[in-house]
Structure formats: structure tokens, C-alpha cells
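To start, the structure itself, in C-alpha cells.
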Amino acid sequence: MTFAKRTVCPPQPAVLVTGASSGIGKDCVRAFVAKGWHVFPVVRRPADVDTLRALCPSAACLTPLLGSVTDEASMEEVVKKLTQCLAQGAAQGGAALRLQAVVASAGMGAFAPLELSSLELWREVFEVNVFAVASMSRLLLPLLRDAATSPGPAPRIIVVGSAAGRLPAAIGKQLCL
Ligand SMILES: NC(=O)c1ccc[n+]([C@@H]2O[C@H](COP(=O)([O-])OP(=O)(O)OC[C@H]3O[C@@H](n4cnc5c(N)ncnc54)[C@H](OP(=O)(O)O)[C@@H]3O)[C@@H](O)[C@H]2O)c1
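In the working numbering, the protein residues as written are 6 to 182.
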């Protein structure tokens, strides 16, 4: 008796990228799509969804999600949709997706001497650069833990920071986190 050889396709790696509307986040989207990953870019404006779709017309490589990292309810929705997409990929017999990485690129810099900067600005920087990253990581850790139980490299959270955190500039206090 002979048995047909069954090929098992490894899951397609997936990545969620915040701050995907511009700069480093958008470049990460381009780079991951070029590498054949499935990318879940998170943006605040519907117009940015259209721009991102143009980067990859095939729904097989890009699923833009609307949300703001500082709005926890919207990020809960983002994680809900992400969870559904990850589950659907496997359930529909399509390419199974494995959440391999999260890139936290949404962020802001602020440069002003202490005496001339407002506490509101400090709070805004901490909301976006610190608390939003903690909140998003908290929401995504269960999915990353799930991924860690399947074969493949350990999933990662990559936080885009700044060299200013190590090399403080005289007027760059708010960024030195
Ligand atoms: N580029 C550099 O040379 C450099 C150097 C050091 C550190 N960094 C840090 O690296 C990160 C990315 O830099 P970048 O150059 O790519 O910046 P960027 O082009 O200004 O992009 C920032 C991204 O973060 C999003 N964002 C900003 N504030 C937000 C908020 N309150 N809620 C949700 N999203 C918000 C923006 O979304 P919207 O378009 O919706 O505003 C945008 O997608 C930032 O944290 C920056 O401080 C960059």
C-alpha cells in the first residue's frame, strides 16, 4: 500500500503595525508586505485605509484596521477584528495566519524647554508613547501567547523608540522616556 505525501503549509506570518499612516510605521507595512507577511496596519483616518490598500491590492496580504492607540475602546475593537481574521484564516482552509509580531510605531516627539512646555503636552506624549503601548500590549499578549504555543520563532512586540531616550538633548526632555 502506498500513501500520498501530504504537504502541510506553514502558517503565513502576520504583523500588526500601529502608526501605519506615515513614517516608520508605513515603511514597516511596505517592508512586511514585500516579505510576504500579512499586515494589519492600524490607522486613525479612513483616508489612510485607502492609501494603504493601494500598497497591496490583494486582501491576502493587507487588512487595514481603524483605531487610535490612545482610545482603548477602539483598540479593543481592533483586537477583536484581528482575532476574527486570525481565526477565519484557519477555519476557511485559507492560509492560516500566525501573529508573529506587533510593531508599535504610533508615537510623537516633543521638543521644548521645560519652562516653555505645558503639562498637557507632557501628558499627551506619555499617553501616546507610554500608556498606549502598555495598554495595547496588554490587549495583544493573549494572542501572542497563543502564537507562541505553535511552532515558529517566538512572537515579539517591537516598540519604536528614540535614540533621544539614551542621548538626551537639552530641549528634548519630553521625548527622553
Ligand atoms: N523618524 C525619526 O527620525 C524618529 C526618530 C526618533 C524617534 N522616532 C519615533 O518613532 C515613532 C515613529 O516616528 P515617525 O517618524 O514614523 O513619525 P510620524 O511619521 O510622525 O508618524 C507617527 C505615527 O503615529 C501616529 N500617531 C501620532 N500620535 C498619535 C495618537 N495620539 N494616537 C494614535 N496615533 C498617533 C500618527 O498617526 P496620524 O497620521 O493619524 O497622526 C502616525 O501614523 C515616533 O514615536 C517617533 O517619536 C522617530
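Just so you know, even glycine gets a beta-carbon here, dropped at the ideal spot from N, CA and C.
Note that the structure is a prediction, hence the values are computed from the model and not measured.
Sixteen is the threshold: when 16 or more other Cβ atoms of the shown chains lie within 10 Å of the Cβ of P16, as they do, the residue is buried. Where L21 is concerned, the enclosing beta strand (DSSP E) starts and stops at 17-23.
Judged by their CB atoms, L67 and C61 are nearer to each other than the 8 Å cut-off. Between ligand 1 and V83, a heavy atom-to-CB distance of less than 7 Å is absent.
Beta-bridge analysis with DSSP links I163 to V108.
By the C-beta criterion, the stretch 20-31 is judged to be in contact with the stretch 109-126, since at least 3 inter-stretch pairs fall below 8 Å.
A residue is called buried when at least 16 other Cβ atoms come within 10 angstroms of its Cβ; L57 meets this threshold and is buried. For I163 against A106, the beta-carbon gap comes to about 6 Å, under 8 Å, which counts as contact. F45 is bridged by DSSP to L21. Under the 10 Å beta carbon count, C33 is surrounded by 16 or more other beta carbons and is classified as buried. Separation of P173 and G157 (C-alpha to C-alpha, rounded to the nearest whole angstrom) is 38 Å.
CA-to-CA, the gap between A139 and V133 works out to about 10 Å. Ligand 1 approaches V133 closely enough that one of its heavy atoms is under 7 Å from the residue's Cβ.
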